[in-house]
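With the working numbering, the residue at position 81 of the sequence shown is 68, and numbering never jumps.
Just so it is clear, CB atoms sit at the ideal spot from N, CA and C, and this is done for glycine as well.
Computed from a predicted model, the values in this text were never measured in an experiment.
Presented below is the structure to which this report refers.
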Amino acid sequence: MRAVSIVLKLLLKKLSRTGCVVQAQGHQVSLFRTSYILALCIALTSLQSGAAEHRAVLRVDIAVFEYPPLYHTAKSGKFSGLIGETLKQICAEADLDCRFQMRPVSRAYAELERAEVQGLVTVNFKRFKTCCFESKWQYPWKSGLYSKLPVSIIPSNLAGMAGDGVIIVQGWQSPYSYFDDLEGAERRGDLQVHRANSSIAALRMLDRDRAVYLWGGGEFQWYIQQKAIAGLHFKPLMNKPMVLWVTKESPEIAKRFDSGYQSLQAKGLLDTNNLLIEHLMVERYEDP
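In structure tokens form, the structure reads like this:
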């Protein structure tokens, strides 16, 4: 009993440092009563500890653009897609209230650089490294040239396209990242650059022979199948990961997002492309 009493006294002394104090004030407190008070104190301390560990949910505005099947507005009006559903789950894991704002590509880029939004989903371009953190989460992405020509004769450089035309989606950075002198070639008249306001509009232009080539991502194959566009071939030229960019004014958001990603990864809920595993994706994915 003496040993128990000593242990109780030590515990009470420790609890007194956290604000849970038991005083005898001139009379002896029974061991039973002390134990009862101790139990209450431990419960209160546990509640205080739990409250301290709980973190407030942070709102995050993330700019995106229509790019099915990776991310898009579903028929229901909700934000979905292979990447879309994955990012939503990472946000939930990280206590982030992510609001996805659908924008034209160039506006989405500008809003991130002006810090009008906290995040942007796009390719890992150098232009954002000064303003933003890139996420540890990455999705492997390919881009290149589509054409009605056989893959074997689709060129891989500007010189090979001289005298022809190429279609790009307005606001896309990737064609300029791969073809360093695309603007110069257009200015000199070495080739014509046709600009479309969306991915599907660009494919329709190629199908109608507005130009010989179209710069697009591997996911354009989804559009080609959906719209039954025949006779197009794809030559991949660029391999860059897609990431979530977060403004440097929001380091806690970047930290939480990376932590959420690593948590899902550790639980085995992401596949080799860092997308939600199949059965979870099937449950959540919605068609555009």
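Within 10 angstroms of the beta-carbon of isoleucine 140 lie fewer than 16 other beta-carbons, which makes it exposed.
In this structure the stretch 127 to 145 lies against the stretch 161 to 180, because at least three pairs of beta carbons, one per stretch, are closer than 8 angstroms. The shortest CA-to-CA distance from glutamate 206 to any of Thr60, Asp196, Tyr54 and Asn260 is the one to Tyr54.
For a cut-off of 8 angstroms, the C-beta gap from methionine 225 to lysine 129 is around 7 angstroms, short enough to register as a contact. A straight-line Cα-Cα distance of about 33 angstroms links glutamine 179 and glutamine 88. Classified as exposed, threonine 259 has fewer than 16 neighbouring CB atoms from the shown chains inside 10 Å of its CB.
Nearest in C-alpha terms to glutamate 103, of all of Val47, Phe112 and Ser122, is Val47. Look at the beta carbons and you see the stretch 187 to 195 not touching the stretch 230 to 247: under three pairs across the two are nearer than 8 angstroms. For proline 228 and tyrosine 126, the gap between their C-alpha atoms comes out near 5 angstroms. Taking a 10 Å sphere around the C-beta of proline 223, we find fewer than 16 other C-beta atoms and assign the residue as exposed. Per DSSP, the beta-bridge partners of glutamate 121 are Trp232.
Between the alpha carbons of leucine 262 and glutamate 273 lies a distance of about 15 angstroms.
Note on arginine 174: under 16 other CB atoms within 10 angstroms of its CB, so exposed under the neighbour-count rule. Taking all protein chains in view, the Cβ of valine 44 is surrounded by fewer than 16 other Cβ atoms within 10 Å, so the residue is classified as exposed.
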